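Undergrad: Just so you know, we're using our numbering here: the sequence shown kicks off at 54 and counts up by one. Every residue gets a Cβ at the ideal spot worked out from N, C-alpha and C, and that includes glycine. Bear in mind the structure is a predicted one, so any value in this text is a computation, not a measurement. Dumping the structure here so I can ask a few things about it.
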Amino acid sequence: MKIVLLADLHGNMVATEAIAREIDRIRPDEIWFLGDAVGKGPESDKTCDWVRQNCHRCIAGNWDRGLSQNRAGQPFYAAQIGEERFAWLDALPLEDELELSGFRFRLVHGRFLDPLYQSFDADSQLMEGLRFHDGRPDANGLICADSHRPFVRPLVGGYAMNTGSVGNSISLPRAHALLLEGEKGPAPLRMTILSVPYDNHAAAERADLFPDLPMKAAYQREVLTGIYSR
Ligand SMILES: [Fe+2]
């Protein structure tokens, strides 16, 4: 069983097409989306549609919910995303779970539920994520996104992983995702960070075609350098 988990496409179709080519090569059984299809980049409509067409399981991110709740204050995104896509985004759950190779992973976008699930957090803080929303203490893994930095970290009692970001990666401006390979029941588990180069200059130039894109210069600097610029 091969599962690709990805998140934070953020309107960057150049990066999305690059990770899609790598996914085609890997041929996973399923693709799971951990939130933030939209916002920041110039083509939120297209990255949202890519998620809808290609991902088998989806949860919402803070930008998916935030833009939907502030359409009046974000006219560029509101017009581009449109009511039909917002309705789809609004219907996404905030949490999911994945059982693989004897692990039960809790899946959340990250900051939308709790600001603690960040890549720079101490183990003790990440371990707060090893607890399901219903309070059951039997989760033995956490997979999140939101910080735009991928990681795989062993904790006492489980693993914490972050998908990184497809379209707005911070630290290294490459398209990131996670590949999990395992089986039903206790079995070896392989946890791989996918790091895919893409044409960063083409992604930055794509934004120039959209004069009304909010904070365009920050987005362009981020896709060119990986330095957080907002
Ligand atoms: Fe994000």
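Following a CB-centred definition, is D61 positioned closer than 6 angstroms to any heavy atom of ligand 1?
TA: Yes, Cβ of D61 sits closer than 6 angstroms to a heavy atom of ligand 1.
Undergrad: If the criterion is Cβ atoms closer than 7 angstroms, does the pair R110 and W85 meet it?
TA: yes
Undergrad: Starting from Y212, trace the beta strand (DSSP E) both ways and give me its first and last residue.
TA: G211 to T216
Undergrad: Quick one: measure Cβ to Cβ for L94 and G220, integer angstroms, because I've assumed they're closer than 8 angstroms.
TA: Correcting the residue type first, residue 94 is Gly in the shown sequence and not Leu. About 6 angstroms; that satisfies the 8 angstroms criterion.
Undergrad: Give a yes or no on contact between the segment 203-217 and the segment 260-278, applying the rule of three or more CB pairs nearer than 8 angstroms.
TA: The segment 203-217 makes no contact with the segment 260-278: fewer than 3 CB pairs, one atom from each, lie closer than 8 angstroms.
Undergrad: Near T69, what residues of its chain come up, given a Cβ to Cβ distance below 8 angstroms and the 5 sequence neighbours on each side ignored?
TA: L62, K99, T100, W103, V219, G220 and A228
Undergrad: Which one or two residues does DSSP pair with L179 in a beta bridge?
TA: Beta-bridge pairing links L179 to no other residue.
Undergrad: What I want to know is whether the C-beta of D89 ends up closer than 6 angstroms to one or more non-hydrogen atoms of ligand 1.
TA: yes
Undergrad: Quick one: what's D149 bridged to in DSSP?
TA: L160
Undergrad: What residue ranges within the segment 203-260 form continuous alpha helix (DSSP H) runs of no fewer than 4 residues, ordered along the chain?
TA: Counting only runs of 4+ residues, the alpha helix (DSSP H) found wholly inside the segment 203-260 occupies 253-260, in chain order.
Undergrad: How is the alpha helix (DSSP H) around G194 delimited, first residue to last?
TA: Note, G194: premise wrong, no alpha helix (DSSP H); beta strand (DSSP E) at G194 to C197.
Undergrad: In the DSSP assignment, find the alpha helix (DSSP H) that holds V67 and state where it starts and stops.
TA: For V67, the enclosing alpha helix (DSSP H) covers residues M66 to I79.
Undergrad: Go ahead and label Q273 buried or exposed: buried means 16 or more other beta carbons lie within 10 angstroms of its beta carbon, across all protein chains shown.
TA: buried
Undergrad: When the Cα atoms are used, what is the spatial distance from N65 to D77?
TA: 18 angstroms
Undergrad: Cα-Cα, which of L147, S222 and L59 is closest to N107?
TA: L59
Undergrad: Using three-state DSSP, classify L166 as helix, strand or coil.
TA: Since pLDDT at L166 reaches only 48, below the 50 mark, its modelled position is unreliable, and no value is offered.
Undergrad: Thinking C-alpha only, which one of P239, N193 and I56 is nearest G155?
TA: P239
Undergrad: Give me the residue from R118, Q127 and L225 with the minimum Cα distance to L247.
TA: L225
Undergrad: Tell whether a beta-carbon distance below 7 angstroms holds between R159 and A192.
TA: A contact, by the Cβ cut-off of 7 angstroms.
Undergrad: In terms of DSSP beta bridges, what is K55 paired with?
TA: Looking at the DSSP assignment, K55 forms a beta bridge with E234.
Undergrad: Assign V209 to one of two classes, buried (16 or more other C-beta atoms within 10 Å of its C-beta) or exposed (fewer than that).
TA: exposed
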